[in-house]
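Heads up, the thing below is written out as structure tokens.
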Amino acid sequence: MIFSLSINVFFSLLTGAAISIFISKWFKVKIEYILSICAGVLCGVLFLELLPHSLSDFGVIPVFLGISIGLPLMYFIDKLVHPHSFTRPIDKTASFYYLIIAIIIHNLPSGIALGDHVDHSNHLYHLVVYHHIPEGMTLMMIFFASSIKIHQLLTCFAVVALSLEGFSVIGKMLLVSTDPILGVFLGIAISTIWFISIFELFYPSLRKSYRFYHFLCLLTGIAIAGLIFIFG
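Residue numbers (the numbering used here): 32 to 263.
See the structure below:
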């Protein structure tokens, strides 16, 4: 089926968004705690799935080279766009688009790997598709705290899904090994997602309400991501 990959990814993002709506509306969670849960989900994606698989598939040196490039780059961009202060709240709209860019960068090596490798058991396919559920949760949670419109949210979901499809097509056309380059790109994506989860979401929220509950929400988000990967 044409665009089957992008369609599945799009509905995975929507599933994550629906879970976020359930958490926020049914449990009446304050937005500050929602952002801490969001940071936990991202940390869960990083340390339970993205980082281990990146290191095993693409090697330690390329991944950490990408991280060493991505962290200073994110710090510079963040200071340029909205410098942090203790009195000025961080613009969650910028955080949303940072995360979209990070996911697209992450989709580059994932998509090329799908197109370039024979996936007889469809394990890689299912892994790539289902890990977009916690990403959809996170984007929806940030959406609640931003000025983004619903049609912009859905458009970004579509762009993320189509980017993976496009990168998989590129992977099918490549005739040479690109693992070191893909490892660097994954390292950049890892550093970007980590920066967003800690410095854009968790740390600013930590200054509001009770810190104990924020750390509890962080652990809850990690647990949610873990459950998604286990059942996915």
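Ideal Cβ positions, reconstructed from N, Cα and C, are used throughout, including at glycine. From a predicted model like this one, the values you see are computed outputs, not experimental measurements.
Check: Thinking C-beta only, is N39 closer than 8 angstroms to V191?
Finding: no
Notebook entry, point to check: Beta carbon of L73, beta carbon of G167: below 8 angstroms?
Noted result: Cβ distance not < 8 angstroms, so L73 and G167 don't count as in contact.
Margin query: Helix, strand or coil for K110? Go by DSSP, reduced to three states.
Written below: Residue state for K110 is assigned as helix, using DSSP reduced to three classes.
Check: For L102, does the three-state DSSP call read helix, strand or coil?
Finding: helix
Notebook entry, point to check: Do you know offhand how far S35's Cα is from L77's?
Noted result: 26 angstroms
Check: Going by the CB atoms, is the gap between G90 and G214 shorter than 8 angstroms?
Finding: yes
Checklist line | DSSP three-state assignment for V149, whether helix, strand or coil | finding: The predicted model places V149 with a pLDDT of 44, which falls under 50 and marks its position as unreliable; any figure quoted below should be read in that light. Coil, per DSSP.
Next item on the list: Can you grab the Cα-Cα spacing for the pair S43 / L184, in whole Å?
Entry: 14 angstroms
Next item on the list: Less than 8 angstroms between the CB atoms is what I'm expecting for L193 and I143, so what's the real figure, rounded?
Entry: Contact doesn't hold; Cβ gap of about 15 angstroms is too wide.
Notebook entry, point to check: Where W57 and A176 are concerned, what is the direct C-alpha to C-alpha distance, given to the nearest angstrom?
Noted result: 17 angstroms
Margin query: Assuming P165 and G75 are in contact, meaning their beta carbons sit under 8 angstroms apart, how far apart are those beta carbons, in whole angstroms?
Written below: Right, the Cβ-Cβ distance comes to about 7 angstroms (below 8 angstroms), so this counts as a contact.
Checklist line | Buried/exposed call for V149, threshold 16 Cβ in 10 Å | finding: Bear in mind that the predicted position of V149 carries a pLDDT of just 44, short of 50, making it too unreliable to give a figure here.
Next item on the list: Taking F53 as part of the alpha helix (DSSP H), name the residues at either end of that continuous run.
Entry: S35 to W57
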